[in-house]
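Step one of this worksheet: look at the structure below.
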Ligand SMILES: Nc1ncnc2c1ncn2[C@@H]1O[C@H](COP(=O)(O)OP(=O)(O)O)[C@@H](O)[C@H]1O
Ligand SMILES: Nc1ncnc2c1ncn2[C@@H]1O[C@H](COP(=O)(O)OP(=O)(O)O)[C@@H](O)[C@H]1O
Ligand code: SF4
Ligand SMILES: [Mg+2]
Ligand SMILES: [Mg+2]
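Protein chains in written order, with the working numbering: chain A, 1 to 262; chain B, 263 to 524.
Encoded structure:
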């Protein structure tokens with residue numbers, strides 16, 4: 001039975017970095033993994049492949065007939081990667097692209113039959129019908145939200161919970177990717193509890209993460225002995241087990257402001 | 263002749279704060295101003311009114327027949343304010359709301375005939391057909407982009423330029439809202455020049471800004487003698503003159519990375 005997991009969070013909070021390290025750790029553990037980058041930035045899979053790959057939407061805009069081998073690439077430990085790409089700036093719908101990509105993967109390619117885990121890396125700045133596409137397609141068995149203790153990422157996290165609740169989609173956990181703000185761990189733990197979930201990982205902010213990114217590798221591959229690699233492996237275990245997923249109960253604006261001011 | 267100016271930038275970069283201070287300064291200068299908040303966060307006009315106002319999309323979702331007095335509120339020095347509101351999380355399109363609001367303002371209300379300046383406060387995290395609505399409606403005579411020297415806001419700024427170029431919309435200038443990063447002023451100046459524009463303001467990061475925000479006022483109203491109030495007034499002058507607007511020439515990913523690494 002294949003697991004479809006969506007990873008949401010505000011732009012720049014660490015979704016791609018975390019998703020690719022989870023993917024690498026799960027692959028080391030023997031799982032067959034596919035990462036679907038749904039962020040218009042199309043940089044979800046660089047540290048798994050070593051460089052940027054062509055995006056599906058770019059190929060479609062060129063008018064080409066696409067085959068699986070044009071868009072699905074294999075990276076570290078056999079992790080399969082696809083980048084949806086973004087809308088044509090100013091005109092298209094980012095969500096449309098995600099829907100087109102998922103339909104392609106289901107109809108044209110056999111990849112969904114060949115993997116154990118699919119990770120969708122999705123921006124959470126705007127919680128519209130577009131970015132909830134993986135969920136609306138009924139595919140996603142659980143979502144994780146990445147945040148830090150700062151107000152903007154927590155605001156985005158709460159808004160994502162509104163979307164999950166509206167769609168009846170279960171939240172598997174909240175991940176704190178540390179920005180070393182005061183009282184961050186307590187804020188994120190309190191936020192996770194108050195929406196009926198839990199903080200499942202606290203990822204320390206470490207220079208080795210950006211060093212590996214610059215080298216074009218995940219931490220799992222580039223610095224397997226690092227402390228943060230161990231945190232990513234624990235997270236990978238949680239994803240593969242992914243129990244306790246529950247539909248969250250978002251906070252109102254007032255409660256959110258009170259919670260996120262230390 | 264009425265001026266329509268859009269202010270774009272990544273979430274949390276300072277759009278609402280800057281837009282409301284520009285509005286307050288323009289109103290002090292005798293201009294009649296309307297602020298249209300197009301960010302689903304719906305917090306564009308809090309410091310002009312003193313509290314949050316009902317959003318248009320919320321009223322429409324309640325099924326009410328709306329009149330101008332239900333959605334347009336008057337704040338500091340007579341600045342008129344409207345909050346579009348966001349999509350229903352997970353299902354709607356943020357852009358649809360903006361289109362509905364602009365159509366309402368043009369058809370039902372006479373407000374467009376009663377002001378000299380309209381400021382649209384629009385998120386720039388996702389440059390899709392939705393958020394470019396004020397531009398696609400052919401209304402906007404010029405856009406400003408707010409950024410800092412950090413990579414993510416610059417990346418968003420460059421992506422906004424792609425959208426402006428695609429729609430043939432002129433960029434009036436780049437605003438640096440300081441995050442006190444190393445070499446920020448030089449990075450933003452270089453970025454603005456390389457896209458064929460200029461940095462029109464460098465807004466210092468000052469605690470008085472957040473103090474006024476907590477009191478529910480702009481800096482123009484709450485701390486008129488502060489240094490940063492003078493910067494906002496200069497910016498207001500630039501907006502009312504808004505002369506050198508030109509369609510920008512966005513950078514490719516490679517050039518962007520080189521430019522934003524000090
Ligand atoms: N735990 C961490 N420690 C240090 N840097 C991190 C950590 N997590 C992410 N980063 C850095 O933060 C930046 C943004 O991360 P990224 O995964 O690209 O965010 P997103 O995908 O949410 O936009 C990257 O440069 C990444 O290296
Ligand atoms: N020049 C500045 N100095 C200090 N704080 C600032 C400045 N500009 C904005 N801020 C603060 O940054 C936060 C985000 O600003 P906001 O205008 O809400 O961003 P956006 O509308 O782009 O999401 C606010 O708390 C605001 O007070
Ligand atoms: S659904 Fe979302 S991504 Fe698509 S156009 Fe609307 S706001 Fe943009
Ligand atoms: Mg990313
Ligand atoms: Mg805002």
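Virtual Cβ for every residue (Gly too), placed ideally from N, Cα, C.
Non-local C-beta neighbours of residue 415 of chain B in its own chain, meaning closer than 6 Å and more than five positions away in sequence, comprise 272, 275 and 409, ordered along the chain. Residues of chain B whose Cβ lies closer than 9 Å to the Cβ of residue 159 of chain A are, in chain order, 302, 303, 348 and 351. Straight through space, the alpha carbons of residue 90 of chain A and residue 426 of chain B are spaced by roughly 7 Å. In the same chain as residue 485 of chain B, and ignoring 5 residues on each side of it, the C-beta atoms closer than 8 Å to its own belong to 470, 473, 474 and 491, in chain order. Going by DSSP, residue 171 of chain A is part of the beta strand (DSSP E) stretching over 171 to 177. Listed by position along chain A, the residues whose Cβ is nearer than 9 Å to that of residue 272 of chain B are 11, 12 and 125. For residue 282 of chain B, the shortest C-beta to heavy atom distance toward ligand 5 is 7 Å or greater. A distance below 6 Å between beta-carbons, with the five flanking residues on each side excluded, links residue 17 of chain A to no residue of its chain. Positions of the beta strand (DSSP E) runs, each at least 3 residues long and wholly inside the stretch 66 to 99 of chain A, are given as 80 to 83 in order along the chain. In terms of side-chain proximity, the C-beta atom of residue 357 of chain B is found nearer than 7 Å to a non-hydrogen atom of ligand 3. Beta-bridge partners of residue 202 of chain A (DSSP): A:176. Under DSSP, residue 270 of chain B takes part in a beta bridge, and its partners are B:384 and B:407. Closest by C-alpha distance to residue 117 of chain A, out of A:249, A:27 and A:227, is A:27. For residue 521 of chain B, the enclosing alpha helix (DSSP H) covers residues 515 to 522.
Here residue 7 of chain A is near residue 119 of chain A, since their CB atoms are less than 8 Å apart.
Counting along the chain, residue 298 of chain B sits inside the beta strand (DSSP E) bounded by residues 295 to 299.
With contacts defined as CB atoms closer than 8 Å, residue 418 of chain B and residue 393 of chain B fail to qualify as a contacting pair. Contact note: residue 424 of chain B reaches chain A through 89 and 90, using a C-beta cutoff of 8 Å and chain order. Just measuring C-alpha positions, the residue of B:441, B:302 and B:511 sitting nearest residue 429 of chain B is B:511.
Remark: the C-beta of residue 389 of chain B is outside contact range of ligand 2, defined as less than 7 Å to any heavy atom. Near ligand 4, meaning a beta-carbon closer than 7 Å to one of its heavy atoms, we find A:15, A:16, A:39, A:41, A:43, A:44 and A:121. Membership of residue 166 of chain A in the alpha helix (DSSP H) is indicated by the continuous run 151 to 167. The beta carbon of residue 346 of chain B sits closer than 7 Å to those of 298, 299, 300, 317, 318, 319, 359, 360 and 363, all from its chain and outside the five residues before and after it, given in chain order.
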